[in-house]
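When we follow my numbering, the leftmost residue of the sequence shown carries the number 96, and every step to the right adds one.
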Amino acid sequence: MTQENHDTTAAGAAAAHARVLVVDDDPHLLKALRITLAAHGYAVDAASDGASALVAASRHAPDLLILDLGLPDMDGVDVLRDLRRWSTLPVLVLSARHGSADKVGALDAGADDYITKPFGLDELLARLRALQRRVPAPEAAPVVASAAFSVDLAARRVDRGGSAVRLTPTEWKILEILVLNPNRLITQQQLLARVWGPGYVKEANYLRVYMAQLRRKLEADAGKPRHLLTEPGIGYRFVP
């Protein structure tokens with residue numbers, strides 16, 4: 096075996112143990128990256144918006160993240176800031192933004208590397224391998240805590256006062272989105288689309304029912320919530 100073949104085999108072996116989350120709203124690029132990275136030995140998850148990216152990062156515990164900045168629901172820099180509240184996951188930004196201010200902003204928000212589009216596949220793979228070499232030992236699963244309750248995102252467990260709280264699947268989906276976006280206003284339409292699907296964006300009564308149930312289970316005083324707040328007519332906010 097030549098040295099070149101040996102290096103290629105070693106790189107493929109390393110990739111085979113790595114899970115990559117790719118976040119981009121371009122479906123064609125997303126599909127191409129999934130196919131290409133899988134062919135090079137990576138396990139690949141994909142997301143097309145910021146909220147989905149944060150959920151996938153907590154649920155699938157990827158080793159690496161490839162992140163576009165121009166996402167439909169939130170800026171990629173905001174995704175980085177939220178991610179850095181609970182994760183040191185290596186992040187490679189892959190963006191069409193070429194300005195130095197954009198690069199500095201992304202790096203300051205927590206990105207580990209930055210590539211501009213269009214990009215070369217060899218360079219992308221090399222940068223992923225470089226990030227893999229810097230990956231620290233596995234970190235503890237993300238836990239988001241408030242004064243009243245805590246949420247273990249990986250274990251899908253909620254505790255209040257030292258006891259587990261049983262949530263329905265729908266209650267969990269709503270809570271997961273909110274706690275992954277602390278202090279951020281999530282609109283009714285965003286929650287309805289993420290939890291029930293795009294056809295339910297006008298069914299605000301669904302959210303009122305489930306938010307009332309969550310408050311009864313999690314808040315010290317459901318009538319005066321401190322953590323699961325309503326912005327009347329707009330949406331909801333989780334305040335730790």
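Yeah, the Cβ is synthetic: ideal placement off N, Cα and C, and Gly gets one too.
Every value quoted in this text rests on a predicted model; they were computed, and no experiment measured them.
### Task
Please check the pair leucine 175 and phenylalanine 214, which I expect to be a contact at CB under 8 Å, by giving their CB distance rounded to whole angstroms.
Your numbering for residue 175 matches position 80 in the sequence shown. Your numbering for residue 214 matches position 119 in the sequence shown. Between leucine 175 and phenylalanine 214 the beta-carbon gap is near 19 Å, outside 8 Å, which marks them as no contact.
### Buried or exposed (CB count within 10 angstroms, at least 16 for buried), alanine 134
As a first step, residue 134 must be located in the sequence shown, where it is residue number 39. Exposed, by the Cβ-count rule.
### Query
How is alanine 232 classed by DSSP in three states: helix, strand or coil?
Within the sequence shown, residue 232 is the residue found at index 137, counting from 1. Confidence at alanine 232 is low in this model, with a pLDDT of 49, below 50, so the placement of that residue should be treated as unreliable; the coordinate-derived value is given next. Residue state, collapsed to three classes: coil.
### Task
Leaving aside the five residues before and after valine 274 along the sequence, list all residues of the same chain whose C-beta is less than 7 Å from its C-beta, in chain order.
Against the sequence shown, residue 274 aligns to sequence position 179. Closer than 7 Å at the Cβ level, and outside the excluded window around valine 274, lie Val239, Val246 and Phe333.
### Task
Can you tell me the Cβ-Cβ gap for valine 290 and threonine 265, rounded? I've got them flagged as a contact below 8 Å.
Position 195 of the sequence shown, counted from the first residue, corresponds to residue 290. Position 170 of the sequence shown, counted from the first residue, corresponds to residue 265. Yes, valine 290 and threonine 265 are in contact; Cβ-Cβ is about 6 Å, under 8 Å.
### Message
Quick check: what's the CA-CA separation for alanine 156 versus arginine 114?
### Response
Looking up residue 156 in the sequence shown gives position 61. Looking up residue 114 in the sequence shown gives position 19. Rounded to the nearest angstrom, the two C-alpha atoms are 8 Å apart.
### Message
For a test of the three-state rule: what should DSSP assign to aspartate 217, helix, strand or coil?
### Response
Taking the sequence shown and counting its residues from 1, one reaches residue 217 at position 122. Of the three classes helix, strand and coil, the one that applies to aspartate 217 here is helix, per DSSP.
### In DSSP terms, what glycine 257 is bridged to
Position 162 of the sequence shown, counted from the start, is the residue given in the question as residue 257. The bridge partners DSSP lists for glycine 257 come to none.
### Task
Count the CB pairs spanning the stretch 187-207 and the stretch 159-172 that are closer than 8 Å, and state whether there are at least three.
Taking a cut-off of 8 Å for Cβ pairs, the stretch 187-207 and the stretch 159-172 touch, as three or more such pairs fall below it.
### Query
Which residue spans inside the stretch 143-205 form an unbroken beta strand (DSSP E) run of at least 3?
If we require 3 residues or more, the beta strand (DSSP E) runs fully inside the stretch 143-205 come out as 159-162 and 186-190.
### Own chain, CB closer than 6 Å to glutamine 285, minus 5 neighbours either side, in chain order
Counting from one through the sequence shown, the residue named residue 285 turns up at place 190. Closer than 6 Å at Cβ, skipping near neighbours: no residue.
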